[in-house]
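Residues 1 to 548 (the working numbering) are what the sequence shown spells out, left to right. All C-beta atoms, glycine included, are put in the ideal place defined by N, C-alpha and C. As structure tokens, the structure follows; a few thoughts come after it.
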Amino acid sequence: MFRSDAIAYLPLLGTAILATVLFVFLAVIKGRKTAKVSYLTFLALVILISDCVYTVYNPGITNFVLLLLLAAAVLLPYLVMLAFAKPKAEEPKAPLAEEIKKPEIVVEDLKPEEVNLIEKGRSFVAMASDSFGKKDGMQNLLDEINKTFVELTGADGGAVLMVDDFEDSINVKSFTGVFPPPYRLPEDLPHKELRVSTSFKFANFALRDNIFGEIASSGKAEIINSPKNDPRIIENGPEDFLKLGSFIFIPVRLPGRDVVIGLIALSKNPGREFTQEEFDWALTLTGFVESALKTTINFQVYSEKNEISKESKIAENLQNILLPKKLPPLPGISFGSYAVHTEGVCSDSFDVLPVRPDRTSLFLMDVAGKGTNSFLVMSMIRSMIRLLVNTPQPAGTILSLANREICGEVNFEHFASVALINYNAQKKTVQFSSAGTTPVFLYSAQKQTIERKSLASEPLGVEKTTSYKDIQFTVSEGDIIITYTDGLVEALDSAGKQYSLNRLLSIVKTNSKSSGKQIADLVKADMKQFVASEVLHDDQTLLAVKIQ
Numbered sequence: 001m002f003r004s005d006a007i008a009y010l011p012l013l014g015t016a017i018l019a020t021v022l023f024v025f026l027a028v029i030k031g032r033k034t035a036k037v038s039y040l041t042f043l044a045l046v047i048l049i050s051d052c053v054y055t056v057y058n059p060g061i062t063n064f065v066l067l068l069l070l071a072a073a074v075l076l077p078y079l080v081m082l083a084f085a086k087p088k089a090e091e092p093k094a095p096l097a098e099e100i101k102k103p104e105i106v107v108e109d110l111k112p113e114e115v116n117l118i119e120k121g122r123s124f125v126a127m128a129s130d131s132f133g134k135k136d137g138m139q140n141l142l143d144e145i146n147k148t149f150v151e152l153t154g155a156d157g158g159a160v161l162m163v164d165d166f167e168d169s170i171n172v173k174s175f176t177g178v179f180p181p182p183y184r185l186p187e188d189l190p191h192k193e194l195r196v197s198t199s200f201k202f203a204n205f206a207l208r209d210n211i212f213g214e215i216a217s218s219g220k221a222e223i224i225n226s227p228k229n230d231p232r233i234i235e236n237g238p239e240d241f242l243k244l245g246s247f248i249f250i251p252v253r254l255p256g257r258d259v260v261i262g263l264i265a266l267s268k269n270p271g272r273e274f275t276q277e278e279f280d281w282a283l284t285l286t287g288f289v290e291s292a293l294k295t296t297i298n299f300q301v302y303s304e305k306n307e308i309s310k311e312s313k314i315a316e317n318l319q320n321i322l323l324p325k326k327l328p329p330l331p332g333i334s335f336g337s338y339a340v341h342t343e344g345v346c347s348d349s350f351d352v353l354p355v356r357p358d359r360t361s362l363f364l365m366d367v368a369g370k371g372t373n374s375f376l377v378m379s380m381i382r383s384m385i386r387l388l389v390n391t392p393q394p395a396g397t398i399l400s401l402a403n404r405e406i407c408g409e410v411n412f413e414h415f416a417s418v419a420l421i422n423y424n425a426q427k428k429t430v431q432f433s434s435a436g437t438t439p440v441f442l443y444s445a446q447k448q449t450i451e452r453k454s455l456a457s458e459p460l461g462v463e464k465t466t467s468y469k470d471i472q473f474t475v476s477e478g479d480i481i482i483t484y485t486d487g488l489v490e491a492l493d494s495a496g497k498q499y500s501l502n503r504l505l506s507i508v509k510t511n512s513k514s515s516g517k518q519i520a521d522l523v524k525a526d527m528k529q530f531v532a533s534e535v536l537h538d539d540q541t542l543l544a545v546k547i548q
């Protein structure tokens with residue numbers, strides 16, 4: 001079958017095999033109709049396969065070439081036709097779902113008044129951002145809001161009121177035009193137009209029993225064109241400027257919290273009424289007002305917190321300067337103190353003054369409030385007491401004089417609880433006075449009991465005429481005097497339980513043989529264990545005086 005050089009025909013067998021594989025694939029393609037395959041292609045492949053096989057068994061280049069030309073001749077006309085025939089028009093593709101063009105939506109042109117509303121609303125938001133950091137930024141914004149609502153609705157007068165959560169009231173912050181008061185005027189207010197309008201400009205109202213408070217509490221906007229038929233509205237007199245016309249009241253909410261923070265109030269003179277369209281315009285514009293006020297209020301809250309933090313840090317540093325650093329030997333007593341200051345509070349202070357051989361003065365003070373105002377009150381009281389203890393005046397008189405000066409000089413409300421203790425080591429007598437919540441206790445070594453010596457009284461700074469009483473008693477060796485601020489006994493653990501007075505006095509009684517310093521250190525250690533990692537919310541101070 002093969003000559004010795006028949007191995008040279010192996011490529012022919014390989015060609016036949018590959019052509020056979022190609023034939024099979026083309027048959028599958030044609031059967032599945034995934035592409036068009038001409039029958040001429042199949043015929044050319046059959047001739048090629050036969051040519052290769054025939055040549056292997058009948059060697060000879062002439063027969064091989066002739067059969068190969070035949071295969072090419074069969075396929076060539078088909079290829080010529082494909083190359084030069086007229087191109088077939090491409091069928092349009094079916095559009096993809098996302099490519100389907102949606103019908104064009106024709107938007108009706110905005111009406112001029114709607115464009116006007118949008119522009120005014122944008123101006124509120126822009127003005128809110130411009131108000132940041134300006135002293136009168138909020139007031140200017142409220143005045144612009146009031147003016148815009150009056151112009152938009154054709155009102156004769158308007159007012160913007162803001163809710164004060166702390167005072168549970170709603171206060172007039174902006175006023176313009178003619179606005180007959182829809183509430184009962186004070187009986188002693190003369191019915192003069194200027195007096196009435198001036199009174200309204202600075203008025204504040206409870207959140208009940210008046211139209212402003214009722215609307216703010218309900219949170220429902222109203223248009224009232226017949227005020228005489230509304231029992232919530234009061235007409236105050238026959239004077240023309242007091243006669244009622246028409247009103248619009250719209251609550252202003254804090255977006256995102258649905259909390260009413262203010263009220264837009266508009267009025268028209270008698271004979272004129274608000275239309276439903278004007279009411280709708282005002283409602284729409286209120287949405288822009290709410291966004292503008294939220295921006296401004298949020299910035300104010302952030303700014304105030306930041307300012308308070310800075311102020312409190314300064315006051316805290318100053319507070320630490322005032323605390324006694326090193327005490328001279330104190331005749332007849334062993335003294336101990338425990339003081340922990342809470343960041344940003346600045347309320348406690350104490351001092352120990354060995355002023356004369358027959359008087360060692362100790363005072364402990366707890367000032368209400370935070371920041372530099374509290375520090376100012378603290379430093380004023382401290383200075384007066386340090387000055388007055390050098391005189392023969394008793395403790396009650398010293399506190400009364402300090403109270404009179406605080407009430408007369410300080411124009412902001414800050415109160416102070418104080419305990420002033422004067423000890424005479426020669427006679428072993430204690431003479432003291434206290435104001436507010438700072439108590440004085442005495443542990444009797446002889447009786448082994450603890451007794452409260454201080455009486456209830458008003459803090460310093462409440463009433464100028466307050467007179468503070470002197471209390472005097474004799475002590476013996478081993479007795480212990482204790483005074484502290486309420487931040488100590490009111491400290492909370494992780495379960496919300498208070499440290500308590502009983503726990504403090506139990507430590508004093510159990511460790512009555514210890515020195516004043518040791519007792520203070522024991523209270524400190526016990527407090528640290530009690531509160532653990534809980535945050536303190538008030539200063540803590542304790543003074544322990546052990547009689548020797």
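* To do: From the DSSP output, read off the bridge partner residues of Met362.
  => Note that residue 362 is Leu in the sequence shown here, rather than Met. Its beta-bridge partners are Val352 and Ile421.
(message) What does the alpha-carbon distance come out to for the pair Gly237 and Ser383?
(response) When rounded, the distance between both Cα atoms is 56 Å.
**Message:** At the level of alpha carbons, what is the spacing between Pro439 and Leu420?
**Reply:** So the two alpha carbons sit approximately 10 Å from each other.
Note to self: Measuring straight from C-alpha to C-alpha, what distance separates Ser4 and Gly31?
What the structure shows: Note that Ser4 has pLDDT 47, beneath the 50 cutoff, so the model's placement of it is unreliable and the number below is only indicative. Taking the straight line joining both Cα atoms gives about 43 Å.
Smallest Cα separation from Asn422: which of Glu463, Val475 and Ala456?
With distances taken between Cα atoms, Asn422 lies closest to Val475.
request  = With Gly137 as the anchor, note down where its beta strand (DSSP E) starts and where it stops.
outcome  = DSSP places Gly137 outside any beta strand (DSSP E); the residue lies instead in the alpha helix (DSSP H), whose first and last residues are Gly137 to Thr153.
Measuring CB to CB, does Lys553 end up less than 9 Å from Ser361? Only positions 1 to 548 of the chain appear in this structure, which leaves residue 553 out of reach.
| request: Could you name each continuous beta strand (DSSP E) segment of 3 residues or more that falls completely within the stretch 466-525, going from the start of the chain to the end? | output: Here the runs fully enclosed are 471-474 and 480-484.
Helix, strand or coil for Ile264? Go by DSSP, reduced to three states. It is a strand residue.
Notebook entry, point to check: Of all the options Arg503, Gln540 and Gly336, which has the alpha carbon lying nearest to the alpha carbon of Gly516?
Noted result: Measuring from the Cα of Gly516, the nearest candidate turns out to be Gly336.
Looking at the secondary structure, which residues open and close the alpha helix (DSSP H) in which Gly219 lies? For Gly219, there is no enclosing alpha helix (DSSP H), since its DSSP letter is neither H nor E.
Rounded straight-line distance, which links the Cα of Glu144 to that of Thr153: Within the model, the alpha-carbon separation for Thr153 versus Glu144 is close to 14 Å.
Would Gly158 pass as a contact of Ser174 if the rule is Cβ separation under 9 Å? The criterion of a C-beta distance shorter than 9 Å is satisfied by Gly158 and Ser174.
- Specify, as a first and last residue, the run of the beta strand (DSSP E) that Lys546 falls within. It spans Gln540 to Ile547 - the beta strand (DSSP E) in which Lys546 sits, taken as one unbroken run.
- In angstroms, rounded to a whole number, what distance separates the CA positions of Met527 and Ser433? The straight-line gap from Cα to Cα measures roughly 27 Å.
Grab me the residues of Glu235's own chain with a C-beta within less than 6 Å of its C-beta, minus the 5 sequence neighbours each way, in chain order.
Within the same chain, Glu235 has close Cβ partners Leu244.
If distances are taken between C-alpha atoms only, which option among Ser400, Val389, Ser347 and Leu399 comes closest to Val375?
Per the sequence shown, the amino acid found at residue 375 is Phe instead of Val. Ranking the options by Cα distance to Phe375, first place goes to Ser347.
How big is the Cα-Cα spacing for Asn373 and Phe415? Phe415 has its alpha-carbon roughly 11 Å from the corresponding atom of Asn373.
Q) Are the CB atoms of Val252 and Leu293 nearer to each other than 9 Å? A) Closer than 9 Å, so yes.
message = Does Ala402 come out as helix, strand or coil in the three-state DSSP assignment?
response = Helix, per DSSP.
Task: Residues that Arg253 bridges to, as DSSP identifies them - done: For Arg253, which the question treats as bridged, DSSP gives the partners Val260.
* **Anticipated Cβ contact below 8 Å, Ser467 with Thr437, distance rounded** => About 18 Å separates the beta carbons of Ser467 and Thr437, which is beyond the 8 Å limit, so they are not a contact pair.
### Task
Grab the span of the beta strand (DSSP E) containing Ser334 for me, first residue to last.
Start and end: Ile333 to Val340.
Minimum C-alpha distance to Phe350 - residue among Pro357, Arg356, Val367 and Arg359
Out of Pro357, Arg356, Val367 and Arg359, Val367 has the C-alpha closest to the C-alpha of Phe350.
Tell me the DSSP bridge mates of Val430? According to DSSP, Val430 bridges with Tyr423 and Phe473.
| Would Ile381 be called buried (16 or more neighbouring beta carbons within 10 Å of its own) or exposed? | It counts as buried.
Could you tell me which residues DSSP pairs with Asp164 in its beta bridges?
-> Paired residue(s): Ser169.
**Report entry** Reduced DSSP secondary structure (H/G/I, E/B, other) of Ala97
**Finding:** Because the pLDDT at Ala97 is just 48, under 50, the model does not fix this residue reliably, and the point stays unresolved.
message: If contacts are defined as beta-carbon pairs under 8 Å, then Asp493 and Glu534 qualify, I think. What distance do you get, rounded to the angstrom?
response: Contact holds; Cβ gap of about 6 Å.
**Q.** N- and C-terminal bounds of the beta strand (DSSP E) containing Phe441
**A.** Where Phe441 is concerned, the enclosing beta strand (DSSP E) stretches over Val440 to Ser444.
* Asked: How far does the alpha helix (DSSP H) with Glu193 in it reach, from first residue to last?
  -> First-last of the alpha helix (DSSP H) with Glu193: Glu193 to Lys201.
Worksheet item: Taking Cβ positions, are Pro255 and Glu214 nearer each other than 9 Å?
Response: Cβ atoms of Pro255 and Glu214: not closer than 9 Å.
Take Phe42 as the anchor and find which of Ala339, Val24 and Phe205 has the nearest alpha-carbon.
For Phe42, the nearest C-alpha among the options comes from Val24.
* Taking the CB atoms as reference points, tell me whether Gly332 and Ala425 lie closer together than 9 Å. => Yes.
Open item on the list: Let's see if you can read the secondary structure: which residues bound the beta strand (DSSP E) around Glu451?
Closed with: Glu451: member of the beta strand (DSSP E) spanning Thr449 to Arg452, first to last residue.
Could you compute how far the alpha carbon of Glu108 sits from the alpha carbon of Thr296? Residue placement at Glu108 is poorly supported in this model, since its pLDDT is 49, which falls under 50; the coordinates still yield a value, given next. Roughly 34 Å between the two C-alpha positions.
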